[in-house]
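Data first, discussion second: the structure below is written as structure tokens.
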Amino acid sequence: MVLTGICHPAFAFFRWGWDKVQNEWIVENCTLTEPYALNQRMQFTNAIGFEGKFYALSLQGSLAVIEDNDSCFQITAIGANRAMPSVVSRQFREYLLESNREILLVFLISRKSIDVVDDVEVFRLDISKLLWVKVESLGDMMLFVEDECCMGLSASKVGSKGNCIYFTHHRVKDWWVFDMETCCISQTSGPNIEFTKSLMWD
Numbered sequence: 145m146v147l148t149g150i151c152h153p154a155f156a157f158f159r160w161g162w163d164k165v166q167n168e169w170i171v172e173n174c175t176l177t178e179p180y181a182l183n184q185r186m187q188f189t190n191a192i193g194f195e196g197k198f199y200a201l202s203l204q205g206s207l208a209v210i211e212d213n214d215s216c217f218q219i220t221a222i223g224a225n226r227a228m229p230s231v232v233s234r235q236f237r238e239y240l241l242e243s244n245r246e247i248l249l250v251f252l253i254s255r256k257s258i259d260v261v262d263d264v265e266v267f268r269l270d271i272s273k274l275l276w277v278k279v280e281s282l283g284d285m286m287l288f289v290e291d292e293c294c295m296g297l298s299a300s301k302v303g304s305k306g307n308c309i310y311f312t313h314h315r316v317k318d319w320w321v322f323d324m325e326t327c328c329i330s331q332t333s334g335p336n337i338e339f340t341k342s343l344m345w346d
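In terms of this note's numbering, the sequence shown is residues 145 to 346.
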């Protein structure tokens, strides 16, 4: 799935056929009005595939469910609430990921300066209600978020500390960690994990 960030076209899919002749790009427009900006069409910037459906976030924080109906990809449902941090900020970045069979949304929040992340919030999607619910604790889970890859894994399986979120900022190589128990952020070289042997998706 490719998101354009505009409404015409809004997204595209590549369909594999039995031979090269049947391979094709399917391009779809979005004619739905943005619920949080009534003079705009929905424009998508972030999406994740989950159990045969796509869940996409718009520029304004709306959630759309996209499904393949008779070889035509359509928006079949809209989320119940807006995907936004609960605190006021100058800037934030959002990351979607699947962890422990749930869709999670991580916000890296910059309150004082856009160059510094000083808060992190996590929400999970209640699939049955299409409702974002704030997560207060990750328990044994640890999350990794950066521009090219996001993942979650069990800390106990790799002998590391759970309830933490590791992240990068502004495409630099430095890693930071947010401890959800203490709400503190510190710079880190990363958890002590042998990634080639221990890392696994949850």
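Positions of the beta carbon are idealized from the N, C-alpha and C atoms, including for glycine. Bear in mind that the values here come from a model prediction, so they are computed numbers and not experimental data.
Using a 10 Å radius around the Cβ and a threshold of 16 neighbouring Cβ atoms, would you call Ser300 buried or exposed? exposed
Quick one: Cα of Val232 to Cα of Asn167, how far? 46 Å
Hey, how far is the Cα of Trp276 from the Cα of Glu178? 18 Å
Taking Thr312 and Val321 to be in contact with their CB atoms under 8 Å, please state how far apart those CB atoms are, rounded to whole angstroms. Not quite, the Cβ-Cβ distance comes to about 11 Å (not below 8 Å), so this is no contact.
Buried versus exposed call for Cys328 [16 or more other C-beta atoms within 10 Å across all chains shown]: exposed
Reference Glu292; option with closest CA among Glu238, Met186, Trp169: Glu238
Looking at the unbroken alpha helix (DSSP H) that takes in Lys301, where does it start and where does it end? 299-302
Alpha carbon to alpha carbon, what distance is there between Ala200 and Ser254? 23 Å
Among Ala181, Leu182, Ala154, the one whose alpha carbon lies nearest that of Ile170: Ala154
Put Glu178 into one of helix, strand or coil per three-state DSSP. strand
Within a Cβ cutoff of 7 Å, which residues of the same chain sit near Arg245, ignoring the five residues on either side of it in sequence? none
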